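To start, the structure under review is shown below, and the notes come after it.
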Amino acid sequence: MISARLTVNDEEREIAFWPSDTLLFVLRERLGLTGAKPGCLNGDCGACTVNVNGTAMKSCLMLAVEGMNQTIRTIEGLKDSPIQHAFIEHFAFQCGYCTPGFIMNINSLLKKHPNADDSTIKEFLSSNICRCTGYQEIEKAVKSLLKINREDKAGLPNDE
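In the numbering used here, the protein residues as written are 1 to 160.
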């Protein structure tokens with residue numbers, strides 16, 4: 001095992017893990033942050049998405065050691081965010097298993113593409129899979145956030 005510091009949700013954490021441990025495993029099993037979900041464990045479904053330096057990353061594909069000297073944000077770090085409110089307002093979830101990954105992906109989208117068009121929205125959403133609902137409600141939530149984002153940056157944390 002190695003001992004390292006990871007900055008997660010604006011908090012520096014000293015943690016021991018194996019060099020072969022994925023970021024998803026360390027977040028869930030060592031730090032108790034269970035919002036990022038194990039789905040396919042091969043990067044296809046997006047349930048494990050977190051933000052690393054403001055970029056959406058699949059934590060099942062990233063080693064925890066790669067998270068050293070990076071700013072990591074999980075769904076727990078977006079507690080009570082405008083994105084979550086938009087998902088509720090637009091009924092953009094069903095069972096909720098994939099929702100944290102979508103929210104983290106959208107957090108990155110809003111920061112990197114504050115004037116995203118329909119094709120950019122669809123491209124970002126295509127990296128996450130939801131088997132319970134159509135994507136129309138999620139797209140509506142994103143579009144409502146883009147409108148707010150243009151007005152006041154949507155109150156999102158700065159992870160870059």
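Where a beta carbon is used, it is the ideal one built from N, C-alpha and C, also for glycine. Nothing here was measured: the structure is a model prediction, and the numbers come from that model.
Sixteen is the threshold: when 16 or more other Cβ atoms of the shown chains lie within 10 Å of the Cβ of residue 103, as they do, the residue is buried.
The straight-line gap separating the alpha-carbon atoms of residue 10 and residue 117 is approximately 30 angstroms. As DSSP reads the structure, residue 12 sits in a beta bridge with 7.
Each residue's CA atom was taken as its position, placing residue 4 and residue 130 some 34 angstroms apart. Taking residue 97 as the centre and dropping the five residues before and after it, the same chain places the C-beta of 37 and 47 closer than 7 angstroms to its C-beta, in chain order.
Residues of the same chain with a CB within less than 6 angstroms of the CB of residue 144, apart from the 5 flanking positions on each side, are 86 in chain order. Beyond the five residues adjoining it in sequence on each side, residue 77 comes within less than 6 angstroms, by CB distance, of 9 in the same chain, given in chain order.
For residue 37, there is no enclosing alpha helix (DSSP H), as DSSP marks it with neither H nor E. Around the beta carbon of residue 74, 16 or more other beta carbons sit within 10 angstroms, so the residue counts as buried. Counting along the chain, residue 133 sits inside no beta strand (DSSP E), nor does DSSP assign it H or E at all. Between residue 127 and residue 107, the gap from beta carbon to beta carbon reaches 8 angstroms or more. According to DSSP, residue 51 shares a beta bridge with 56 and 73.
The Cβ-Cβ distance between residue 82 and residue 138 does not fall below 8 angstroms.
Separation of the CB atoms of residue 99 and residue 93 is rounded to 5 angstroms, and the pair is thereby assigned contact status at 8 angstroms.
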